[in-house]
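Engineer:
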Amino acid sequence: MKSGNDKPGIEEIDCMEAINGLYAYLDGEMKDPETLAKFEHHLEHCQSCYSRTQLETALGQLINKSAKDTAPEKLQTRLKKLIQGL
Ligand SMILES: [Zn+2]
Numbered sequence: 576m577k578s579g580n581d582k583p584g585i586e587e588i589d590c591m592e593a594i595n596g597l598y599a600y601l602d603g604e605m606k607d608p609e610t611l612a613k614f615e616h617h618l619e620h621c622q623s624c625y626s627r628t629q630l631e632t633a634l635g636q637l638i639n640k641s642a643k644d645t646a647p648e649k650l651q652t653r654l655k656k657l658i659q660g661l
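Per the working numbering, numbering of the sequence shown is gapless, rising by one per residue and ending at 661.
Next comes the structure, spelled out in structure tokens:
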């Protein structure tokens, strides 16, 4: 059990649980406020899950855009830049 300055009343989850919940979170399907609080709490503490969430959010936006009007090569270039920027 970790101690210190964690907010009281929020249960710690590990990276596996956070990643399992990531897509539900991104799709807006994480309805349970307690689950949502745990997930966001984990992101505040975990740089790797935070980066991953940022990346998935950006990818989702790029893919939505590309479905409309972006050429695939352009998308790949943007993805490479995005990944290098992490
Ligand atoms: Zn994590």
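By construction, the Cβ of each residue, glycine as well, lies at the ideal position given by its N, Cα and C atoms. The structure presented is a predicted model; accordingly, all values stated were derived computationally and were not measured.
Taking the alpha-carbon of Leu618 as reference, which of Tyr600, Ile658 and Leu650 has the nearest alpha-carbon?
Structural biologist: It is Tyr600.
Engineer: Does the CB of Gln636 have a neighbour CB from chain D at under 8 Å?
Structural biologist: Annotation note: the requested chain D is absent from the structure, which comprises a single protein chain.
Engineer: In this structure, how does DSSP classify Lys606 when only helix, strand and coil are distinguished?
Structural biologist: Reduced to three states, the DSSP call for Lys606 is coil.
Engineer: Which of helix, strand or coil does DSSP assign to Leu661?
Structural biologist: Here Leu661 sits in coil by DSSP.
Engineer: Check this for me: beta carbons of Leu657 and Leu630, under 8 Å apart or not?
Structural biologist: Yes; because the gap between Cβ atoms is below 8 Å, this pair is in contact.
Engineer: Assign Lys613 to one of two classes, buried (16 or more other C-beta atoms within 10 Å of its C-beta) or exposed (fewer than that).
Structural biologist: Lys613 should be labelled buried.
Engineer: Distance check for Glu648 and Ile585, CA to CA, integer angstroms please.
Structural biologist: Approximately 44 Å, taken between the alpha carbons.
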